[in-house]
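Protein chains: 2
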Amino acid sequence: MQVTIKDVAREANVAPSTVSRVIANSPRISQKTKERVRQAMEELGYYPNVHARSLANRTTQAIGLVMPSAATKTLQNPFFSEVIRGISTKAHQNGYSLYMTTGVSEEEVYEGVVSMVQGRRVDGVVVLYSRTDDKVVQFLQDSKFPFVVVGKPFSDSSHVTYVDTDNYLAGREVTKYLHQLGHECIAFVGGSQDLAVTQERVGGYKTALMEEGIPIHDSYIVSAPFMTTGGADAVKRLMSLEHPPTAVVVSDDMMALGVMSTLNEMEISVPNQMAVVSFNNLFIAEFSSPPLTSVEINIFGLGFEATNCLIEQINEEATPYGKRVIVPHYLVVRQSCGGTAK
Amino acid sequence: MQVTIKDVAREANVAPSTVSRVIANSPRISQKTKERVRQAMEELGYYPNVHARSLANRTTQAIGLVMPSAATKTLQNPFFSEVIRGISTKAHQNGYSLYMTTGVSEEEVYEGVVSMVQGRRVDGVVVLYSRTDDKVVQFLQDSKFPFVVVGKPFSDSSHVTYVDTDNYLAGREVTKYLHQLGHECIAFVGGSQDLAVTQERVGGYKTALMEEGIPIHDSYIVSAPFMTTGGADAVKRLMSLEHPPTAVVVSDDMMALGVMSTLNEMEISVPNQMAVVSFNNLFIAEFSSPPLTSVEINIFGLGFEATNCLIEQINEEATPYGKRVIVPHYLVVRQSCGGTAK
DNA sequence: TATTTTCGTGCAAACGATTGCATTAGTGGT
DNA sequence: ACCACTAATGCAATCGTTTGCACGAAAATA
Numbered sequence: 001m002q003v004t005i006k007d008v009a010r011e012a013n014v015a016p017s018t019v020s021r022v023i024a025n026s027p028r029i030s031q032k033t034k035e036r037v038r039q040a041m042e043e044l045g046y047y048p049n050v051h052a053r054s055l056a057n058r059t060t061q062a063i064g065l066v067m068p069s070a071a072t073k074t075l076q077n078p079f080f081s082e083v084i085r086g087i088s089t090k091a092h093q094n095g096y097s098l099y100m101t102t103g104v105s106e107e108e109v110y111e112g113v114v115s116m117v118q119g120r121r122v123d124g125v126v127v128l129y130s131r132t133d134d135k136v137v138q139f140l141q142d143s144k145f146p147f148v149v150v151g152k153p154f155s156d157s158s159h160v161t162y163v164d165t166d167n168y169l170a171g172r173e174v175t176k177y178l179h180q181l182g183h184e185c186i187a188f189v190g191g192s193q194d195l196a197v198t199q200e201r202v203g204g205y206k207t208a209l210m211e212e213g214i215p216i217h218d219s220y221i222v223s224a225p226f227m228t229t230g231g232a233d234a235v236k237r238l239m240s241l242e243h244p245p246t247a248v249v250v251s252d253d254m255m256a257l258g259v260m261s262t263l264n265e266m267e268i269s270v271p272n273q274m275a276v277v278s279f280n281n282l283f284i285a286e287f288s289s290p291p292l293t294s295v296e297i298n299i300f301g302l303g304f305e306a307t308n309c310l311i312e313q314i315n316e317e318a319t320p321y322g323k324r325v326i327v328p329h330y331l332v333v334r335q336s337c338g339g340t341a342k
Numbered sequence: 001m002q003v004t005i006k007d008v009a010r011e012a013n014v015a016p017s018t019v020s021r022v023i024a025n026s027p028r029i030s031q032k033t034k035e036r037v038r039q040a041m042e043e044l045g046y047y048p049n050v051h052a053r054s055l056a057n058r059t060t061q062a063i064g065l066v067m068p069s070a071a072t073k074t075l076q077n078p079f080f081s082e083v084i085r086g087i088s089t090k091a092h093q094n095g096y097s098l099y100m101t102t103g104v105s106e107e108e109v110y111e112g113v114v115s116m117v118q119g120r121r122v123d124g125v126v127v128l129y130s131r132t133d134d135k136v137v138q139f140l141q142d143s144k145f146p147f148v149v150v151g152k153p154f155s156d157s158s159h160v161t162y163v164d165t166d167n168y169l170a171g172r173e174v175t176k177y178l179h180q181l182g183h184e185c186i187a188f189v190g191g192s193q194d195l196a197v198t199q200e201r202v203g204g205y206k207t208a209l210m211e212e213g214i215p216i217h218d219s220y221i222v223s224a225p226f227m228t229t230g231g232a233d234a235v236k237r238l239m240s241l242e243h244p245p246t247a248v249v250v251s252d253d254m255m256a257l258g259v260m261s262t263l264n265e266m267e268i269s270v271p272n273q274m275a276v277v278s279f280n281n282l283f284i285a286e287f288s289s290p291p292l293t294s295v296e297i298n299i300f301g302l303g304f305e306a307t308n309c310l311i312e313q314i315n316e317e318a319t320p321y322g323k324r325v326i327v328p329h330y331l332v333v334r335q336s337c338g339g340t341a342k
């Protein structure tokens, strides 16, 4: 049987309410009783029942994590482990614990979120993806429940709090970087087009080209569902063009790995015959052959900051609506673009 | 304000208890009332308060996940996303949700587990690592709380339920495989030595050598904390030996990536001058250059099975103590060992 | 028709905390 | 010695469910 607050109360010769106040460290209890109660708690090995507690004070000290549906292999991207690490760290610091939900279909994920929110299982939610047109975000907004999005939510971003990288800027910067290295024929390989990230990074890429006076060729912009082909066909398509590119911006390290692998098979050498730059600076970027030049976006920080905003919202310290946090990024130069070879 | 069971009861003209029984789909309630109550629930948008529910029936429908302390970068290994995906899938199928705990120190992780268990926040726990001499496992065992370990727990494995790969066998097999390809000088590069996995895989490696009549050189067995150096020094040490190896068994794909990267820098070609084989068959194995020959251990399955066992335990359908599930593995041949070059 | 079964519901007591309000004891001022 | 006031603690209602038991009505049996 569980040790309850009553047992502690009996042991310490006080009322349950007193014990409760000791737990909350209320100033209304004398130092002496506190000592006594704490000792009793220790002796009996008392731990408060979280459900009773949540029920009584209508707070859970837990935050919910919404992941993309597990059916897709998206989850395999180390990106997620890393955001979660950030979230988890901040959460832990503030005494929150984490509650996860996923489903195999989009519908299941949605149901999970609803029951988590309506069932009062969590105090707030962080949404780990942003897709165009998403029911989950819509629902959270409608129910005025505290939440924050990692990544830019498609619509109405002015009303939702989110933390993100300036992907547009990053896309522009890397493209310019390639141009500075002397490349004129620069292609873009991206993942799923309905992800906000991809769109932004392409946007930056295009802007850079324009600013540098390089014409934009649609045939230079290819997107491929990553986890299936690894971007092999994307690369092949590019290389079979009349004027194949000499450099390529890839929207993500994972994908870059696939691209480099294909290039390797085709016996096109990186960086000599093809420069590759990508985003996220996952730790594998460091260990690929050749090591990848990639944009460090501080994924951990993304998660950490998101949680920070969420907690502010929960405590109602936040501005009523739509805070927007941009986590800074920077280019980590390795060897996949030549230039500053190590 | 939340919609409670009483509101539904009033709306449907029944007692709260009846509503409760409808939720549980008790056969004692007539079809007609069930309809009526369900409709009322629908209309009011009723969702049961999970805490009240847990409090009353002493069950949470949640399972706890214990991760290694977040301080280490271990978490970055895609291995974890993948086990979690397995766990999450099975959990979801059975109406369980997931509850995570981590801490920056080992002590914090322990405290997290204790309060999660004693606070009755979860019905069972799956432990995602196995280290020699671990307080967490000890605690769970002492408190007779349902739990299962992914990986082999160091001590007393006869009393704890765990699911694992036969790492010993796998280690033996890959070593023999290299020998069949004609290699005589085979080294082993492993991660942290106090992980059960490493120990087992080395064990298999040694056995294979013995069985093939190849002497075991201690200098051929190196271990390196992965996330720091990427195994670079391990490789350098091996290559500076009088008789450097011609093949190497690496304990994990991540590490193999580091090893290959170092070899690449040293201009030692894989597979021509050095064959590399590793374990886990993470998706990056497919996209490295050259693609890695690796042992597929079905990480997803590991998580899935573990959860299965856990749920059995929770429902007390399990054999009282120490079930042991071995998930089968097989070698995926790619190009890092030469031989069957694609 | 009287009596027992069965069936469907409702009552009220848990579950283990929190918290507003009442109560008591202790202090100091007059 | 009396009163007012503060400080420390206890009482009891509450949070939203579940569940054992009691109860009445209808159906089955004699």
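Heads up: the sequence lines are chains A and B, in that order. Quick note: the first sequence uses the numbering used here, first residue 1, plus one each step. Quick note: the second sequence uses the numbering used here, first residue 1, plus one each step. Even for Gly, the Cβ is constructed at its ideal location relative to N, Cα and C. Keep in mind the model is a prediction, meaning the values are calculated, not measured.
- Note on A:Q199: 16 or more other CB atoms within 10 angstroms of its CB, so buried under the neighbour-count rule.
- Contact between A:C185 and A:P245 is confirmed by a C-beta separation of about 4 Å, below the 8 Å threshold.
- Within the region 257-273 of chain B, those residues whose Cβ lies closer than 7 Å to any Cβ of chain A are, in chain order, L257, G258, M260, S261, N264.
- Contact note: B:N25 does not reach chain A at a C-beta cutoff of 8 Å; the least C-beta distance is about 17 Å.
- Scanning chain A for C-beta atoms nearer than 8 Å to the C-beta of B:E317 yields nothing, as the closest lies near 23 Å away.
- Under the three-state reduction of DSSP, B:L263 is assigned to helix.
- The beta-carbon separation of A:L331 and A:V295, rounded to 6 Å, stays under the 8 Å limit for a contact.
- Counting only Cβ-Cβ distances below 7 Å, A:E82 has contacts in chain B at Q76, in chain order.
- Under the Cβ criterion of 8 Å, B:Y99 is counted among the residues facing chain A.
- Residues of chain A with a Cβ closer than 8 Å to the Cβ of B:N49 are, in chain order, L55, G119, R120.
- Take the alpha-carbon of A:Q138 and the one of A:V325: they are about 20 Å apart.
- Using a CB distance cut-off of 8 Å, A:P291 counts as an interface residue toward chain B.
- Rounded to whole angstroms, the gap between the alpha carbons of B:V163 and A:A247 is 46 Å.
- When 9 Å is used as the limit between beta carbons, B:I63 is near no residue of chain A, the shortest such separation being about 10 Å.
- Following the DSSP letters along the chain, one finds A:R324 inside the beta strand (DSSP E) bounded by residues 324-327.
- Positions of the beta strand (DSSP E) runs, each at least 3 residues long and wholly inside the region 102-138 of chain A, are given as 124-127 in order along the chain.
- Where B:I216 is concerned, there is no enclosing alpha helix (DSSP H), because DSSP gives it neither an H nor an E.
- Check the Cα spacing between B:S69 and each of A:I63, A:Q76, A:I84, A:G64: the tightest is with A:I84.
- Residue-level contact check: A:A306 does not touch chain B, since none of the beta carbons of chain B fall below 8 Å from its beta carbon.
- Here B:G45 carries a coil assignment [DSSP, helix/strand/coil].
- By the Cβ-count criterion, B:L241 is exposed, with fewer than 16 other Cβ atoms from all chains shown falling within 10 Å of its own Cβ.
- Exposed is the label assigned to B:G213, since fewer than 16 other Cβ atoms lie within 10 Å of its Cβ.
- Shown here, B:G258 sits in a helix according to DSSP, grouped into three states.
- Note that the region 39-58 of chain B touches the region 114-123 of chain A; at least 3 beta-carbon pairs, one per stretch, sit closer than 8 Å.
- A:S81 has its alpha-carbon roughly 14 Å from the corresponding atom of A:I297.
- Contact between A:V125 and A:F147 holds: CB atoms are separated by about 4 Å, below the 8 Å threshold.
- When DSSP states are grouped into helix, strand and coil, A:G86 belongs to the helix group.
- Proximity of A:F139 to chain B, defined by a Cβ-Cβ separation below 8 Å, is not satisfied.
- Counting every other CB atom within 10 Å of its CB across the protein chains shown gives A:K90 a total of 16 or more, marking it as buried.
- When the Cα atoms are used, B:S288 and B:G231 turn out to be separated by approximately 16 Å.
- In this structure, DSSP gives B:T175 a helical state, which the three-state scheme calls helix.
- Around the beta carbon of B:D142, a 10 Å sphere encloses fewer than 16 other beta carbons of the protein chains shown; the residue is thus reported as exposed.
- With a cut-off of 8 Å on Cβ pairs, the region 262-269 of chain B is not in contact with the region 305-315 of chain B, counting fewer than three such pairs.
- Note on A:R172: 16 or more other CB atoms within 10 angstroms of its CB, so buried under the neighbour-count rule.
- Short of 7 Å from the beta carbon of B:D233, and not among the five residues preceding or following it, lie these beta carbons of its own chain, in chain order: A224.
- Our two residues, B:K144 and A:N167, have alpha carbons roughly 50 Å apart in a direct line.
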